[in-house]
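Visitor: Dropping the structure in here first, questions after.
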Amino acid sequence: MSPRLALSLALKEILRNKARFVSIGAVIALITTLILFLAGLGEGLALGNRQYVSGLGADLLVYQRTADLQIAASQFDRSAVASVRRVGGVADVGAIAFSSTVAEPTQARARGAPGVSGARAAEADASTGANGLRVSLIGVEPGRPGDPPVLEGSGFTSASGNEVVLGRQAALRTGLKVGDVLTVRSTQGAVDERYDLRVVGIAGGQQYQIAPSILVPLVTFERIKPKANLQDDPRALLFNVVAVKGAAGVAPSTLARRVESQVRSVRAVDLTTAYQNIPGYSAQQSTLNTQSAFTLIIGILVVGGFFQIQTLQKLGQIGMLKAIGASNALVAGETVLQIVLVNLAGVVVGALGTAVLAATFPGTVPIVFQRGNVLTALVGLLVIGPLGGLVALRAVLRVEPLRALGLGK
Amino acid sequence: MTGRRPWDPGPDAAATGRDARVGAGAPSPAASGRQGSTRGGGGSEAPALVAEGLRKTYALGRQTIRAVDGVSMTLRRGEFVALVGPSGSGKTSILAMLAGLLRPTEGSVHIAGEDLGGLADRRLARFRRRNIGFTFQQNNLVPYLTVLENVTLMLSLNGRYDGEGARRARELLERLGLGDRLRSLPSQLSGGQQQRVAIARALIHQPPVVLADEPTASLDTERAHQVVDTFANLIHHDRRAGIMVTHDLRMCRVVDRVVVLRDGTVDRTIEDRAVIERLAEEALI
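Protein chains in written order, with this note's numbering: chain S, 1 to 409; chain F, 1 to 285.
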């Protein structure tokens, strides 16, 4: 049976029943938008959690063994770095410490910070909020693994200066540029202290735990990080994890085994394992993936239900077509083509709508459309139509031509 | 009960019992007096349709229902036959078997020399679209195709749609008084117009056999007569073999033969023109 005839019949039915097919196309478009946004939100949140860790420029992250791969629970001193550095196959190591703090609103500090214009201050304040911007404070060893390459500025010029490198999101939301001064509010004991840090560089995206990151030298970190106990010796230089870069040709798994066997009470894992163990990361991703899967299933049921109802309404007509000699291939082909065409149109409209909608979102909204994820979602969406239509197709194939005479099942 | 049932044609009927066969080569009883009619007198022409000993039984629990019980009939080109009978007499089952839509429990159907029983489902579908024209009681037309498209659909199904086919379809529709409705959708037509479109579709691919299931069931009297007149004219003029199932005896005035069915068998066959016309007239009362 001619595929052209099936296509012609499918198109004529769609074009002459626009309202019916536009309504199901709109449902598919909305499902597409929902799934793409869920995928984008999933990727955005995942990136917000893992961006700094996954882009460390290292092969392994070393934790205190008893910390159960929780960064905040892992604590080392300088001797650990030295021990790891001595392991064969290690090219470089860098200690990294994590905390969080608040970047003060620009206007509040503008009086004492020359170079910050009123307009820029107001713009940034809208983003940071009146109480300041909560940021991840990350202490790194300048020039070592963990210290990200800067896109603007010089980067750290000393290992202990009052200098800060802003992640892209922190720069966007504070409105600060290289050479500006960032004031960090940090609770020391029971008192809020303020520290002025000169912006010496702006790096790419460096989010950690869904917060923009600011990076400071480890020594500075130790001084300005929020502390409950002021008796702590700031020269002790405690940190959370050690980033390890392996020598060329050494497999990360081999290196991890060596580190674990040669350094006492540590656990070394690759970066993927590391960010998957960031608190909430896996739970968040599985929640979003479950939502996407359910949305896809709902899509299959909705599309399937629509075409099933439409087929049930057409049983007499299909029986008539078969009675006058139309083959199963023709009536099935018409049904499949209709499903594919309507589904395709709905997915394309939904994808375009998503793109237009996403373009209106501010850069601070954690939605990231990653090509692989979007393609996977689109393929899933293109499959839901035919999957949903299987029941309708079965009904079409089972219609007996006898139905045209009012006989048959 | 002494009154005659509508299906009972009375003592004058030329009853031929179970076998509704008309001898090959015998002129149709209604042949005379019709202008330009070429039907019936086929001489040695092979019959368009031959059904022999058709039997259809259904299992209903432990019971066996005999819907059709030993029906035979032969139709030549240009002959128009009405199957009449009360509900449950087997009219539609016989029509379905003649069309190859229902396989008989026993017996055979030959159309244009082909034994339908020997065809697998796919070949049977192909055979139907080439050799049989249909009109139905309902769901007659494809609702999203225009009048012209509904008619040319048969040509498309047969892979014979071309400019010449489209021209013939237009001509046929003009003959049926639908020349100004070619681009209308079925929903924009009256019931009678829809039936005329169905008739055009049944004839456009020039099948040897045309089958009509209650073609006037949903029409008022005037439109019903228009439809069967048109149908009969085309069958006679184009020399098709036509079978019409109807419960409306008034429509029988245009046929050449009336086959009366009862309980799945041929109760009698009426070939006498006068009897057929009297039957139709009495039904009018």
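C-beta atoms are modelled at their ideal positions from N, C-alpha and C, and glycine is treated no differently.
Kindly list the residues whose CB is nearer than 7 angstroms to the CB of P11(F), restricted to its own chain and excluding five residues on each side of it in sequence; keep chain order.
Guide: Low local confidence applies: a pLDDT of 44 at P11(F) is under 50, so the model's placement there is unreliable, with the coordinate-based value given in what follows. No residues qualify anywhere along the chain.
Visitor: Quick check on DSSP: helix, strand or coil for V87(S)?
Guide: DSSP places V87(S) in coil when its eight states are reduced to three.
Visitor: Below 8 angstroms on the Cβ atoms is my contact criterion, and I expect E271(F) with R253(F) to pass it. Report the Cβ-Cβ distance as a whole number of Å.
Guide: Contact flag wrong, Cβ pair sits at about 14 angstroms.
Visitor: Using alpha carbons as the reference points, say which of F136(F), N139(F), E171(F), A283(F) lies closest to T152(F).
Guide: It is E171(F).
Visitor: Less than 9 angstroms between the beta carbons of L237(S) and A95(S), yes or no?
Guide: Contact flag set, yes.
Visitor: Assuming I243(F) and V142(F) make a contact with CB atoms under 8 angstroms, what is their CB distance in whole Å?
Guide: So it is not a contact: roughly 23 angstroms between Cβ atoms.
Visitor: Apart from the five residues just before and just after P142(S), which ones in its own chain have a Cβ nearer than 6 angstroms to its Cβ?
Guide: Contacts found: F156, A159, P217.
Visitor: Tell me the rounded alpha-carbon separation between A224(F) and G133(F).
Guide: Taking the straight line from one Cα to the other gives about 19 angstroms.
Visitor: Please check the pair L49(F) and L75(F), which I expect to be a contact at CB under 8 angstroms, by giving their CB distance rounded to whole angstroms.
Guide: Rounded, the Cβ-Cβ distance is 4 angstroms, consistent with contact.
Visitor: Which partner residues does S74(S) have in the DSSP bridge list?
Guide: DSSP lists no partner for S74(S).
Visitor: As an exercise, report each continuous beta strand (DSSP E) stretch of at least 3 residues that is fully enclosed by the segment 105-153 of chain F, in chain order.
Guide: List check, beta strand (DSSP E) in window: 106-111, 132-135.
Visitor: Give, in chain order, every unbroken run of the beta strand (DSSP E) that is at least 3 residues long and sits entirely within the segment 119-204 of chain S.
Guide: Counting whole runs of 3 or more residues, the segment 119-204 of chain S contains the beta strand (DSSP E) stretches 133-140, 150-153, 163-166, 181-188, 191-203.
Visitor: Tell me, to the nearest whole angstrom, how far the beta carbon of P145(S) is from that of K245(S); I am working on the premise that it is less than 8 angstroms.
Guide: Between K245(S) and P145(S) the Cβ distance is about 5 angstroms, and since that is below 8 angstroms, they are a contact.
Visitor: Identify the continuous alpha helix (DSSP H) that holds F369(S) and give its terminal residues.
Guide: Where F369(S) is concerned, there is no enclosing alpha helix (DSSP H), given that its DSSP letter is neither H nor E.
Visitor: Determine which residues of the segment 52-65 of chain S have a Cβ less than 8 angstroms from any Cβ of chain F, and write them out in chain order.
Guide: From the segment 52-65 of chain S, no residue has a Cβ closer than 8 angstroms to chain F.
Visitor: List the residues that DSSP assigns as beta-bridge partners of D59(S).
Guide: Answer by DSSP bridge pairing: none, since D59(S) is not bridged.
Visitor: Is N150(F) near V197(F), with beta carbons less than 9 angstroms apart?
Guide: Against a cut-off of 9 angstroms, the Cβ pair of V197(F) and N150(F) comes out as a contact.
Visitor: If you draw a straight line from the alpha carbon of R160(F) to that of L60(F), how long is it in whole angstroms?
Guide: Straight-line Cα distance between these residues: approximately 43 angstroms.
Visitor: Would you verify that the beta carbon of Q317(S) is, or is not, closer than 9 angstroms to some beta carbon of chain F?
Guide: So, interface residue.
Visitor: CB-CB under 6 angstroms to G42(S), same chain, minus the five flanking residues each way: which ones, in chain order?
Guide: These residues qualify, in order along the chain: L288.
Visitor: Take L315(S) as the anchor and find which of S23(S), S136(S), V396(S) has the nearest alpha-carbon.
Guide: Nearest option by C-alpha distance: V396(S).
Visitor: Measuring straight from C-alpha to C-alpha, what distance separates L203(F) and L211(F)?
Guide: C-alpha separation (whole angstroms): 10 angstroms.
Visitor: Do V374(S) and T242(S) have their beta-carbon atoms positioned less than 9 angstroms apart in this structure?
Guide: Reading off the sequence, residue 242(S) comes out as Val, not Thr. Result no, Cβ atoms of V242(S) and V374(S) do not sit closer than 9 angstroms.
Visitor: Could you name the residues of the segment 377-406 of chain S whose beta carbon sits closer than 9 angstroms to any beta carbon of chain F, in the order they occur along the chain?
Guide: Answer set for the segment 377-406 of chain S: E400, P401, L402, R403, A404, L405, G406.
Visitor: For L158(F), decide whether its Cβ has a neighbour in chain S, counting only Cβ atoms nearer than 9 angstroms.
Guide: First, the residue type needs correcting, since residue 158(F) is Asn and not Leu in the sequence shown. So yes, N158(F) belongs to the interface.
Visitor: List, in order along the chain, the chain F residues whose C-beta lies closer than 7 angstroms to that of L296(S)?
Guide: Going along chain F, no residue has its Cβ under 7 angstroms from L296(S), so there is no contact; the nearest lies around 30 angstroms.
Visitor: Between the C-alpha atoms of L352(S) and L30(S), what's the straight-line distance to the nearest angstrom?
Guide: If I take the Cα positions, the gap works out to 11 angstroms.
Visitor: Please determine, among A241(F), Q195(F), G117(F), the residue with the shortest C-alpha to C-alpha distance to L176(F).
Guide: Cα-wise, what sits closest to L176(F) is Q195(F).
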